[in-house]
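Data first, discussion second: the structure below is written as structure tokens.
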Amino acid sequence: MQFDTTTFILEIINFLILIWILQRLFYKPVLALISKRQSEIAETLDNTQNLRREAETLRERYENREKLWEQEKLTLQNQFQQQLDTERSQQLVKLQSELDELRRKAELALERQQAALQRETEKQALRNSAKFAQLILQQAAGPELEARLLELLLNQLEHTAPDVCGLCLQLVESKKQVTISVASAFGLSPEQQVRLEAQFRQMINTPLLFKYQQDQALISGLRIDIGAWVLQANLQHELTGFAELADGAY
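Whatever position you read off the sequence shown (first residue = 1), add 223 for my numbering.
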């Protein structure tokens with residue numbers, strides 16, 4: 224095979240023409256397209272970088288906000304716990320105060336019940352004592368004891384005659400005759416009646432009418448009725464007064 228210079232030169236010319244055609248018709252548009260694509264890619268990369276930076280900024284904001292939320296949550300939890308502790312303390316103090324008040328009222332009520340029970344026990348003891356004393360006095364009572372009570376009565380009337388006389392005059396000043404009822408447990412002897420009537424006639428300057436009766440409920444002693452005025456000198460009255468005094472003391 225022989226080398227043909229003309230053919231070689233023509234081939235070179237054809238190659239150069241092909242390159243010019245390619246550069247003119249294909250290479251420049253491809254370069255322009257590649258440049259455009261690169262620009263788009265760069266713009267996309269820039270946008271991506273911007274988006275990434277915005278995303279980072281948002282992430283940092285979110286993280287900061289989350290930290291702030293955690294701090295606020297802890298602060299609110301601490302405040303709530305403090306309020307809860309304060310409220311619990313106040314409620315405990317209030318409850319303790321109420322319990323102390325209820326305990327005090329219960330103790331006071333118990334003391335009152337115990338005091339009432341003690342008073343009732345003492346009253347019952349006094350009543351029983353009065354009943355026991357009444358039984359003893361009923362067994363010990365007799366005309367001799369009644370005579371002694373009559374002597375005490377006469378002595379008392381003798382020493383208090385002015386006062387008693389004034390009271391009697393007020394009671395009987397509008398009456399022409401005064402009835403004096405004398406009750407005794409064993410009955411008075413004639414001598415005792417005479418002494419008693421003489422004492423009253425000495426005290427009262429008014430006609431007197433004496434009525435005598437026996438009343439064993441008096442146990443021993445006398446009860447003298449002058450109108451609305453009653454003179455007691457008997458054991459039954461003393462025992463009754465003792466029981467009433469015991470009841471009044473409570």
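Here a beta-carbon is modelled for each residue, glycine too, at the ideal position from N, C-alpha and C. Since the model is a prediction, treat every value here as computed from it, not as a measurement.
Cβ-based burial, residue i [other Cβ within 10 Å; buried from 16]
i       : result
Leu-248 : exposed
Phe-303 : exposed
Ile-235 : exposed
Asn-457 : buried
Ile-244 : exposed
Ile-240 : exposed
Arg-284 : exposed
Gly-464 : exposed
Gly-444 : buried
Arg-446 : buried
Glu-295 : exposed
Phe-231 : exposed
Glu-369 : buried
Leu-419 : buried
Ile-242 : exposed
Leu-373 : buried
Backbone CA spacing between residue i and residue j [nearest angstrom]
i       : j       : result
Glu-286 : Leu-297 : 16 Å
Arg-371 : Arg-350 : 26 Å
Ser-258 : Thr-267 : 14 Å
Val-417 : Arg-342 : 47 Å
Gln-425 : Gln-347 : 44 Å
Glu-461 : Ala-408 : 14 Å
Ala-421 : Trp-452 : 19 Å
Phe-486 : Ala-265 : Residue 486 lies beyond the residue range present for the chain, which begins at 224 and ends at 473; the question has no answer from this structure.
Asp-323 : Thr-344 : 30 Å
Phe-433 : Ala-332 : 57 Å
Gln-246 : Thr-228 : 26 Å
Leu-269 : Leu-256 : Position check: residue 269 holds Asp in this sequence, whereas Leu was assumed. Their Cα atoms are separated by approximately 19 Å.
Gln-455 : His-382 : 16 Å
Beta-ladder partner(s) of residue i, from DSSP
i       : result
Gly-450 : None; Gly-450 has no bridge partner.
Asn-457 : Gly-444
Val-401 : Leu-431
Ser-407 : Gln-437, Leu-445
Presumed contact (8 Å Cβ cut-off) between residue i and residue j, rounded CB distance
i       : j       : result
Ala-440 : Gln-415 : With 8 Å as the limit, Ala-440 and Gln-415 do not qualify as a contact, their Cβ atoms being about 20 Å apart.
Val-405 : Tyr-435 : 5 Å
Ile-403 : Ile-442 : The Cβ separation is near 22 Å, so there is no contact.
Phe-423 : Leu-431 : 6 Å
- Query: Within the chosen definition, does the region 328-343 reach the region 366-381 through at least 3 CB pairs nearer than 8 Å?
  - Reply: no
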